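The structure appears below as structure tokens.
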Amino acid sequence: MTIEYIKKAEKTSATGEDNTRDIVSAMLKEIEAGGEEKALEYARKLDGWDKGSPVMTREQIDAAKAKVPQQVKDDIHFAYDRVSGFARHQRDSMKEFEVEL
Numbered sequence: 550m551t552i553e554y555i556k557k558a559e560k561t562s563a564t565g566e567d568n569t570r571d572i573v574s575a576m577l578k579e580i581e582a583g584g585e586e587k588a589l590e591y592a593r594k595l596d597g598w599d600k601g602s603p604v605m606t607r608e609q610i611d612a613a614k615a616k617v618p619q620q621v622k623d624d625i626h627f628a629y630d631r632v633s634g635f636a637r638h639q640r641d642s643m644k645e646f647e648v649e650l
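Residue numbers are given in our numbering: position 43 of the sequence shown equals residue 592, and the series is strictly consecutive.
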């Protein structure tokens, strides 16, 4: 069975790599020179951010935290415990090992 391409990509990750590197480098230089205002300008341009300051007050953080269901919080803690436990065992062993968490 032959593959029929309906549309082929103009660039691959390899061909666009240099261009991407140049764009990101220029953006970082602009942010370094322009500071927070330049970073916010890119946030508006690239992400559609229009909510004012990205710095949240304690009240805003608490309100957002209150919206997260307890099951999601429990799942995050469970995943954290598993990942950090595995990393700890891996670091301590520095050799091939198997552990059941």
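No residue lacks a Cβ here, since even glycine has one placed at the ideal position from N, Cα and C.
No experiment lies behind these values; they were computed from the predicted model shown.
First and last residue of the uninterrupted alpha helix (DSSP H) at residue i
i	result
GLY634	619-642
MET576	566-596
GLU608	607-616
8 Å Cβ shell around residue i - same chain, five flanking residues per side excluded
i	result
PHE603	It is worth fixing the name first, because residue 603 is Pro in this sequence and not Phe. LEU589 and ALA592, listed in sequence order.
ARG607	none
GLY583	GLU590
PHE646	HIS638 and GLN639
Close-in-space but distant-in-sequence residues of the same chain around residue i (CB under 7 Å, 5 per side omitted)
i	result
ALA612	none
LEU490	Past the boundaries of the shown model lies residue 490; the chain is included only from 550 to 650, so the question cannot be answered.
ASP599	ARG593
GLU579	LYS587
Within-9 Å CB hit, residue i to chain D
i	result
VAL621	No chain D is present in this structure, which holds just one protein chain.
Spatial neighbours of residue i in its chain, beta-carbon cut-off 6 Å, leaving aside the 5 residues before and after
i	result
ILE610	none
HIS638	VAL648
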